[in-house]
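K.L.:
Residue numbers (our numbering): 1 to 954. Quick reminder that beta carbons are idealized off the backbone N, C-alpha and C, glycines included. Quick caveat: nothing in here was measured; it's all calculated off a predicted structure. Take this structure, written in structure tokens, and hold onto it; I'll ask about it next.
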């Protein structure tokens, strides 16, 4: 291919030259060009290298279906974007682009050795070749494959751009701004409702932009749209996904078409659009033809060559051959000839072609070869000629040319239709699937719905050839280097479904999602299986329609807004006192409070001893809190939790265990009954929102007759846990209106009064096994109360402690943490918590699931303790457990370590685990295989400290 700029024509502005760089070389284009059109006009033939074989690849298409011309755009520090399609990159002054997947250069790529060794790299070779020796996969095979594979390089620096997001509602959303889409928007706009018309191109018009005969109509129609105040037109906007109830996601590119110095504001905007009706007018994609050499640079879709000539004023070559099996190829050839592009010949596999097309071609001086097929392409970095043969198998004839245009028919763009769960039907005339029945309020118009006369043609899986498929370089998926022979190989390997064939060969799994390859692959598989296309299946279209940036999808949710860090009212005090923090769910929590010279282990040991021997204070404000109020509050909790609640007296607390419908533990916490109709319910820190949502779901959908209100009070109440033998002594001088004596205020009780003059809900509960109080105060007073407790506790050596110490203390008592000691498959019995199930309760969420056979069968993993033979050995959390370390590989894993700590109180390590039939293994030895060694441990009860619980009642 030796493209050049035509002396006239196109929609570019020849008075506005633009300088740009590609692979370090300077080029020039014009305003209105894309990177692809400007490079073709400059004679560039090679745009990229293929994924597996590193074959040189040129431009195939001029739309988002382009599989070859993927480039990296550099807009400055931190603004490097890989894998952009050159036809979709608008040219601007100073644009800097680079090709991908090559070393050291595009024209001389050392990776092309793979092409010479292609016979050793058929479909599925990864699965068959790199299995042995097993140890070499991680250290040799995988790193080497990763270095060779891939296309663009992922950015490694922070993205300095920002992105916008918005919601929009309309009566009619039209996607696609070609003639059919414009007509649909004008019709909808005339009815008076809100209309949004979006298109991914730089200017509206679709296929009309490559047809000068329609430009006057286009200008007049766009003016009519602009005059309608209820119509919004969004260009440079891609609808990437169609979701439930006519919800469409779209990304608008706001500044990528501008020079970086002139770009301001958000780079892209995410549109979330809810429409009463969606009209899809996405057109159709021309299908390539499959034949030997169909990927040589200069082999291009006929429609792409027409677009380059008539929209951008670029000729793809000085002597062009057209290979068609469809009338549209002839029309494109005639349009190019009228634009003074030399057409050496039109080759058509069909014996009979519309006589009007034949006459027009002969009148234009174009040689016509009907009943012939291209059987080979000469050239490697550019087309230098083609070989054709009668019927594809007769005597070969050579035609000198520098570009080969192919026209294999058309495939309607049904991607968004399929996202919306619309069904498809096979149409023999199109040789493609067309929209059938809609689920959402959506319809297709124009070529997208099969309503466009492209002319007639035949649909062929591949052009006939005397050469067998396995010896041809006949590519179906250009980007993933899938050949027709690979698909036939998959069939010989036993694959029958197109979904399996797709995964075995990777056909249609590249960044273009098979826009040009899916249907050809389907027809080749159909022929190899000797089955109709409709019996081979259909691959699934999934969002996004085209790749989108992570920035656009995240919008404002980056940096501090990515996941807002929630801080308690006491966070500032902790920071001032040197706390080391960790993130727990969305909260920042103090992990430990190191003193001079202490590491985490030393600090935690000191904090643990302080709580066990005297008193410690802990910020528990992150616990979820839900106020459950109403005459039926007790009945509601009785149904939600496994425990009985209706008999609980005001002023008392109860531990609650919550299950999912499947009978597995999902949350736990303590609830206090403040009055007959009011409960203060706590949840785990990470479960607050989930539990509230679950409660609301049941209240609104299952038990709407219950008179109950739910209110999240997590941020309202700050919680200060004062734990240890001297806890009562610390808070006694500060508390008003509450008798703190053990008889008046026993364990698992709650009282209301005042502390430091501030209203409080004071719970006598403990997550440490020591005498404990949880002081709930309004968050606005939390720091003042915390500081007062700290001052009052100085005479007892009060010590602030963090989450790490809390974990150790609770593990010593065998208390579970949901999500750490449970994994979503743990029942109350597995956790040794049958005592938390109300035996007389008629029902609660998950009750019926507990009676399923698989929930009571032997062999379930059960919660147990572990003590290592070496007291100094601390097991790794998550480590797998085996019964026999001498068994052959792969070993049978019977459980895993859920929690493991060094206990300063006990002077040794402790661990909790889930082990198959663990309770039956008490006293027996189990083994934990680790790299280079195996650790022996003994199964024991989960309570390591104060098994009688006497310290709670001091």
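#1: Counting beta carbon pairs with one atom in the stretch 22 to 41 and one in the stretch 113 to 121, are three or more of them shorter than 8 Å?
#2: So residue 343 is in the alpha helix (DSSP H); what residue range does that whole segment cover?
#3: In whole angstroms, give me the CA-to-CA distance for residue 779 and residue 885.
#4: Just curious, the alpha helix (DSSP H) that residue 545 is in, first and last residue?
#5: Hey, which unbroken runs of the alpha helix (DSSP H) at 4 residues or more fall wholly within the stretch 206 to 266?
#6: From the DSSP secondary-structure annotation, give me the bridge partner or partners of residue 389.
#7: From residue 830 to residue 684, what does the alpha carbon distance come to, in whole angstroms?
#8: Return the residue from the list 431, 774 and 770 that minimises the CA-CA distance to residue 613.
#9: Using DSSP with H/G/I as helix, E/B as strand and the rest coil, what is residue 498?
#10: Determine contact between the stretch 445 to 452 and the stretch 399 to 409, defined as no fewer than three beta-carbon pairs at a distance below 8 Å.
#11: Taking the CB atoms as reference points, tell me whether residue 491 and residue 483 lie closer together than 8 Å.
#12: Less than 7 Å between C-beta atoms, sequence neighbours within five positions excluded: which residues of the same chain meet that for residue 56?
#13: Would the beta-carbon of residue 617 fall within 8 Å of that of residue 765?
#14: Let's test the definition: count the other Cβ atoms within 10 Å of the Cβ of residue 249 and tell me whether it reaches 16, buried, or not, exposed.
#15: Pick from 597, 566 and 596: whose alpha carbon is nearest that of residue 582?
#16: If you check the beta carbons only, do residue 907 and residue 763 fall under 8 Å apart?
#17: Measure how close the beta-carbons of residue 593 and residue 603 come, nearest whole angstrom, since I'm counting them as under 8 Å.
#18: For residue 368 and residue 361, which I take to be in contact (beta-carbon distance under 8 Å), what is that distance rounded to the nearest angstrom?
#19: Per DSSP, what are the beta-bridge partners of residue 20 in this structure?
#20: What are the uninterrupted segments assigned as beta strand (DSSP E) that are 3 or more residues long and contained completely in the stretch 420 to 486, given in chain order?
#21: So which of 939, 173, 747 and 888 has the shortest CA-CA distance to residue 862?
#22: Could you spell out where the beta strand (DSSP E) holding residue 654 opens and where it closes?
#23: Anyone know if the C-beta pair for residue 22 and residue 101 falls short of 8 Å?
#24: Is it a yes or a no for the stretch 432 to 445 touching the stretch 344 to 360, going by three-plus beta-carbon pairs under 8 Å?
#25: At 4 residues or longer, and completely inside the stretch 666 to 736: list those alpha helix (DSSP H) runs for me, N to C.
#26: When DSSP builds the beta bridges, which residues end up paired with residue 412?
#27: Nearest to residue 25 by alpha carbon, out of 740, 414 and 95?
#28: What's the call for residue 591, buried or exposed, on a 16-neighbour Cβ count within 10 Å?
#29: Taking C-alpha atoms, which residue in 666, 817 and 725 lies nearest to residue 797?
#30: Between which residues of its own chain and residue 519 is the CB-CB distance below 7 Å, once the five residues before and five after are set aside?
#31: Taking residue 243 as the reference, which of 718, 607 and 441 has the closest Cα?
#32: Within this structure, are the beta carbons of residue 836 and residue 643 separated by less than 8 Å?
#33: Are the stretch 540 to 560 and the stretch 263 to 274 in contact at 8 Å, needing three or more beta carbon pairs?
#34: Check each candidate in 161, 307 and 69 and name the one with the smallest Cα separation from residue 32.
#35: Using a Cβ cut-off of 8 Å (strictly closer), state whether residue 295 contacts chain B.
#36: By DSSP's criteria, residue 880 is part of a beta bridge. Which residues make up the other side?
P.N.:
Concretely, from the data shown:
#1: no
#2: From DSSP, residue 343 is part of no alpha helix (DSSP H) but of the beta strand (DSSP E) over 343 to 348.
#3: 53 Å
#4: Residue 545 -> no alpha helix (DSSP H), and no H or E assigned at all.
#5: 215 to 226
#6: 373
#7: 20 Å
#8: 770
#9: helix
#10: no
#11: no
#12: 46, 49, 297, 380 and 381
#13: no
#14: buried
#15: 566
#16: no
#17: 6 Å
#18: 5 Å
#19: 27 and 95
#20: 424 to 427, 432 to 435, 442 to 444 and 475 to 477
#21: 939
#22: 653 to 659
#23: no
#24: no
#25: 688 to 701 and 727 to 731
#26: 284
#27: 95
#28: buried
#29: 725
#30: 287, 411 and 432
#31: 441
#32: yes
#33: yes
#34: 307
#35: No chain B appears in this structure, which consists of one protein chain only.
#36: 896
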